[in-house]
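Working notes, structure below.
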């Protein structure tokens with residue numbers, strides 16, 4: 008493509024954001040915290056539960072940190088969406104590790120079995136037990152125990168309705184808490200053990216009650232539950248900004264908690280980019296945000312995700328003679344919705360490339376079928392699962 012250099016810059020910026028939010032090192036470092044170290048060493052038995060899209064990476068960090076302080080792990084549970092590259096790394100240090108492959112974005116039977124197993128174990132722990140709880144985005148669906156009158160099929164249908172509603176994730180997770188036996192602090196209430204929860208945040212303002220629907224978030228005057236944030240969108244955003252500046256862009260970071268309708272946000276970024284491109288300026292410009300936009304999906308919709316929907320909307324608005332502009336919206340977890348793409352990078356010729364394949368960008372946007380259109384235009388970004396999740400990153404580059 009004519010603008011391949013701009014696209015390569017976007018990928019470099021995205022890579023910097025993802026690498027800054029990888030939780031392995033941050034979890035290992037957190038375990039050296041004086042208060043956490045004291046609680047671990049004073050416990051009789053140590054248990055680890057790692058839940059979320061970054062569950063594997065967080066568990067690796069925990070194992071490294073605990074080996075450095077020579078503490079034996081008595082039990083461990085890992086709840087993740089996909090089979091990782093290598094589980095044998097845990098064979099020696101976590102011989103009793105139980106692994107569950109929960110459903111995402113909709114819970115499956117493993118999501119429920121994992122929650123049942125953990126709750127049953129928690130009920131047997133006493134004050135001398137210590138639980139290291141590692142939580143990352145995706146945990147709401149991956150780890151779920153619904154109220155007794157709600158079947159798995161009904162639960163999945165309800166989750167689907169919530170996801171398609173266009174509501175912000177904070178509101179969705181509050182609703183999930185109302186019908187769950189493990190969300191909204193209820194998991195923590197199932198045990199008398201001391202808990203330290205390390206959270207990789209993918210929500211606005213790093214609110215612990217919203218991350219994975221807050222399974223251990225308590226307003227606890229006894230400090231039985233200690234909470235630490237070990238990664239967030241803001242950290243990713245600052246790393247992206249640094250990389251952008253190193254690439255020669257004058258960089259503006261708009262928000263680390265971008266919310267709103269994906270179509271509206273996509274159009275906004277294109278209009279902003281077009282306006283900036285018309286200005287007399289000394290340097291190339293970058294505008295970067297992190298957050299999580301929403302899409303109110305209609306029945307019988309096509310294939311896509313919020314990042315691709317944003318990108319296709321931006322492409323429609325950008326169509327014309329704006330060769331110096333590229334816009335991207337990408338999930339830091341490497342997966343946008345139920346697809347194999349992280350999102351897309353679009354330019355002013357995206358709509359024409361879609362048209363050249365006999366497709367119409369407007370129709371695919373209206374049908375929430377952005378994946379098909381952006382696959383045709385060769386604009387999808389496929390990087391595989393990254394091992395982290397701090398939300399999405401939106402990157403606008405305008406070369407001088």
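Residue numbers (my numbering): 8 to 407. The beta carbon of each residue, even a glycine, is placed where N, CA and C say it ideally should be. Only a predicted model underlies this, so the values are computations on that prediction, with no experimental measurement involved.
Item, Value
"Local Cβ density within 10 Å of residue 114, reported as buried at 16 or more and exposed below that", "buried"
"Bridge partner(s) assigned by DSSP for residue 57", "85 and 141"
"Residue 329, DSSP secondary structure in three states", "coil"
"Residue burial classification, residue 77 (beta-carbon count within 10 angstroms, cutoff 16)", "exposed"
"Sequence-distant residues of its chain with Cβ nearer than 6 Å to residue 136 (five each side left out)", "52 and 200"
"Helix, strand or coil at residue 184 according to DSSP, with G and I counted as helix", "helix"
"Collapsed DSSP secondary structure at residue 245 in the structure displayed", "helix"
"Sequence ranges, beta strand (DSSP E) only - wholly within the region 112–184, length at least 3", "136–142"
"Same chain, Cβ closer than 7 Å to residue 352, five either side skipped, listed in chain order", "14, 17, 333, 335, 386 and 388"
"Continuous alpha helix (DSSP H) assignments of at least 4 residues falling wholly in the region 336–382", "357–363 and 368–373"
"Coil, strand or helix - residue 70 by DSSP", "helix"
"Classification of residue 370 by the beta-carbon crowding that lies within 10 angstroms, buried from 16 upward", "exposed"
"Cβ-based neighbour list, residue 213, same chain, cut-off 7 Å, excluding 5 preceding and 5 following", "236 and 239"
"Three-state secondary structure (DSSP) of residue 209", "coil"
"Contact check, residue 147 vs residue 219, beta carbons under 8 Å", "yes"
"Cβ-Cβ distance between residue 138 and residue 97 below 8 Å", "no"
"Coarse secondary structure for residue 197, derived from DSSP in three states", "coil"
"Limits of the alpha helix (DSSP H) - the one that residue 281 falls within", "269–284"
"Burial state of residue 222, where buried means 16 or more other Cβ atoms lie within 10 Å", "buried"
"Distance between beta carbons of residue 398 and residue 171, contact taken as under 8 Å", "Between residue 398 and residue 171 the Cβ distance is about 19 Å, and since that is not below 8 Å, they are no contact."
"Closest Cα partner of residue 44 within the set 64, 73 and 66", "73"
"Residue 262, DSSP secondary structure in three states", "strand"
"Cβ pair residue 268, residue 173 closer than 8 Å", "yes"
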